[in-house]
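Report on one structure; see the data block that follows.
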């Protein structure tokens with residue numbers, strides 16, 4: 001079993017002397033087949049060069065636009081690929097165009113990107129706007145990468161949504177018009193939406209039935225306050241064997257992994273501590289190794 005690792009929540013800053021060493025240490029994790037790279041790393045030419053030089057040429061990375069999406073929304077809440085505000089939608093499309101150029105530079109340096117994760121922001125967005133945005137993005141050169149919507153928690157009738165992006169059914173309806181694009185389920189964000197461990201499994205099955213399931217990212221959530229944050233927030237908790245509050249235990253991982261097609265992406269994205277800065281980089285990598293082993297054990301059941 002090989003896994004794309006979302007290690008960036010534990011990464012030193014790109015301008016840190018530890019940035020290259022942290023990623024060099026990650027290359028020693030034998031279960032890893034690539035990294036989930038955030039847009040702010042690819043936006044930095046020096047970081048792009050380090051990542052291309054340090055990571056094995058056989059690794060196939062996934063690029064996520066999530067951090068940039070959330071920062072853009074914090075500055076202007078109408079920005080997003082699914083925005084009904086045309087100016088806000090166009091700003092998100094322009095950001096995607098820049099990202100495509102940054103990916104091209106990374107690939108020219110020897111890196112490989114298999115998928116680009118997009119999001120149906122902003123809160124209370126429009127499916128029609130997302131459809132238009134995907135049509136425009138399909139005309140960009142993504143250096144061979146597939147465009148994938150990563151589902152985030154949508155509005156719910158009985159509790160406030162943390163993100164409030166489009167619902168899964170709306171996203172799948174849009175994706176049906178774009179044959180080359182797919183859907184990725186994030187375990188923690190789906191659990192957060194339904195406030196239940198049943199929601200990630202239901203979302204996986206819905207995406208598979210629609211013929212759009214591109215992958216699963218294992219990232220934990222909790223129903224109680226914990227060292228990683230408040231209850232029902234997107235805290236990237238590790239598996240329950242590493243953090244007791246995490247709802248993502250071995251049984252839940254096994255259930256979801258059993259639904260995953262052989263050709264789908266499997267990712268793991270966690271924080272290794274509620275206070276990552278207080279942990280030296282070697283220990284951070286050791287905790288990633290522990291989490292990767294737990295995922296592999298769940299898949300072997």
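In the numbering used here, the protein residues as written are 1 to 301.
Even for Gly, the Cβ is constructed at its ideal location relative to N, Cα and C.
Inset, instruction - Can you check DSSP and say which residues form a bridge with residue 3? - result: 32
Inset, instruction - Could you round the C-beta distance between residue 7 and residue 26 to whole angstroms and report it? I think they count as a contact, below 8 Å. - result: 6 Å
Inset, instruction - Determine the direct distance from the alpha carbon of residue 214 to that of residue 50, and round the result to whole angstroms. - result: 28 Å
Inset, instruction - Identify, in the order they occur along the chain, each residue of the same chain with its Cβ nearer than 8 Å to the Cβ of residue 297, setting aside the five sequence neighbours on each side. - result: 250
Inset, instruction - Measure the C-alpha to C-alpha separation of residue 172 and residue 79 and round it to an integer number of angstroms. - result: 21 Å
Inset, instruction - Taking 8 Å as the cut-off, decide whether the C-beta atoms of residue 294 and residue 256 are in contact. - result: no
Inset, instruction - Could you check what DSSP says for residue 114 in three-state terms: helix, strand or coil? - result: strand
Legend entry - Cutoff 6 Å; reference residue 130; Cβ partners in own chain excluding five residues on either side: 81, 82, 120 and 174
Legend entry - Run of the beta strand (DSSP E) containing residue 188, from where it starts to where it stops: Element bounds for residue 188: not the beta strand (DSSP E) but the alpha helix (DSSP H), 187 to 194.
Inset, instruction - Count the other C-beta atoms from every protein chain shown that fall within 10 angstroms of the C-beta of residue 179, then say buried if there are 16 or more, exposed otherwise. - result: exposed
Inset, instruction - Helix, strand or coil for residue 106, going by three-state DSSP, please let me know. - result: helix
Inset, instruction - Compare the beta carbon distance of residue 117 and residue 165 with 8 Å and say whether it is the shorter of the two. - result: no
Inset, instruction - Could you name the residues of the same chain whose beta carbon sits closer than 6 Å to that of residue 276, not counting the 5 residues immediately before and after it, in chain order? - result: 10
Legend entry - residue 237 and residue 245 closer than 8 Å at C-beta: yes
Inset, instruction - Between the Cα of residue 128 and those of 222, 170 and 152, spot the shortest distance and give me the residue it belongs to. - result: 170
Inset, instruction - Verify whether the separation of the beta carbon atoms of residue 35 and residue 71 is less than 8 Å. - result: no
Inset, instruction - Under 7 Å Cβ to Cβ from residue 279, same chain only, skipping five residues before and after it: list those, please. - result: 272 and 273
Inset, instruction - Identify every run of the alpha helix (DSSP H) within the region 30 to 78, keeping only runs that are complete inside it and at least 4 residues long; order them along the chain. - result: 39 to 42, 45 to 54 and 66 to 75
Inset, instruction - Could you tell me which of 158, 143, 84 and 86 sits nearest to residue 108, measuring between CA atoms? - result: 143
Inset, instruction - Could you check the C-alpha separation between residue 150 and residue 17 for me, to the nearest Å? - result: 32 Å
Legend entry - Beta-carbon proximity check, residue 162 vs residue 233, cutoff 8 Å: yes
Inset, instruction - Quick one: using the 10 Å Cβ neighbour count with 16 as the cut-off for buried, is residue 98 buried or exposed? - result: exposed
Inset, instruction - Could you have a look at residue 281 and say whether DSSP puts it in helix, strand or coil? - result: helix
Legend entry - Counted within 10 angstroms of its Cβ, other Cβ atoms place residue 252 as buried (16 or more) or exposed: buried
Inset, instruction - Could you check which residue in 176, 86 and 300 has the C-alpha nearest to that of residue 208? - result: 176
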